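Here the structure comes first, spelled out in structure tokens, and everything after it is commentary.
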Amino acid sequence: MPEAITTLYVCTTCKREGDDPEGPRAGARLHAELARRAEGLRVEPVECLSVCKRPCTVAVASPNRWTYVYGDLDAEAAATTILDGLKAYDGTPDGIVPWRERPKEFRSGVIARIPPFPLLPPIPEAAE
Ligand code: FES
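Take this note's numbering: the final residue in the sequence shown is number 1504, and no numbers are missing along the way.
This is the structure we're talking about:
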């Protein structure tokens, strides 16, 4: 089985007040910075995580771990925080980082956590 890879989803359509209407949105700028700096991590652009009132927003997911959604992240300053937080996430078996070990921005910006998708036994084939 291949090693589980943590995936960071970054909303590229999040915009902040003051964004240049002709330039990339805040979410696109954050995605570009994270994609440039991430190592051993998949960074996937997504269009809207349905948290539009709390830009910028990201979600982190990994097989057999909890998924987290974060908001209120600064496009220019949050990349280091996010990468530090994901390093801590990757160091856990279930994705649950102790509260005090989470970056401050993750503690105040957490929007949701979603349980790991259960690995269910295969459904028996129906008798014919
Ligand atoms: S536009 Fe970013 S969450 Fe909707």
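Even glycine gets a Cβ: it sits at the ideal position worked out from N, Cα and C.
Computed from a predicted structure; not experimentally measured.
ask   = the ligand FES heavy atoms versus the CB of Ser1426: any closer than 7 Å?
value = yes
ask   = Should Gly1399 go down as buried or exposed, given a rule of 16 or more other Cβ atoms within 10 Å for buried?
value = Label assigned to Gly1399: exposed.
ask   = Three or more beta-carbon pairs under 8 Å between the region 1464 to 1478 and the region 1433 to 1446, yes or no?
value = yes
inquiry  = Taking DSSP's pairing of strands, which residues face Leu1384 in a bridge?
reply    = Val1419 and Val1436
ask   = What residues in its chain sit with their C-beta under 7 Å from that of Val1473, if we drop five residues either side in the sequence?
value = Ala1464 and Tyr1465
query = Say the cut is 7 Å; is the CB of Thr1389 nearer than that to a heavy atom of the ligand FES?
reply = yes
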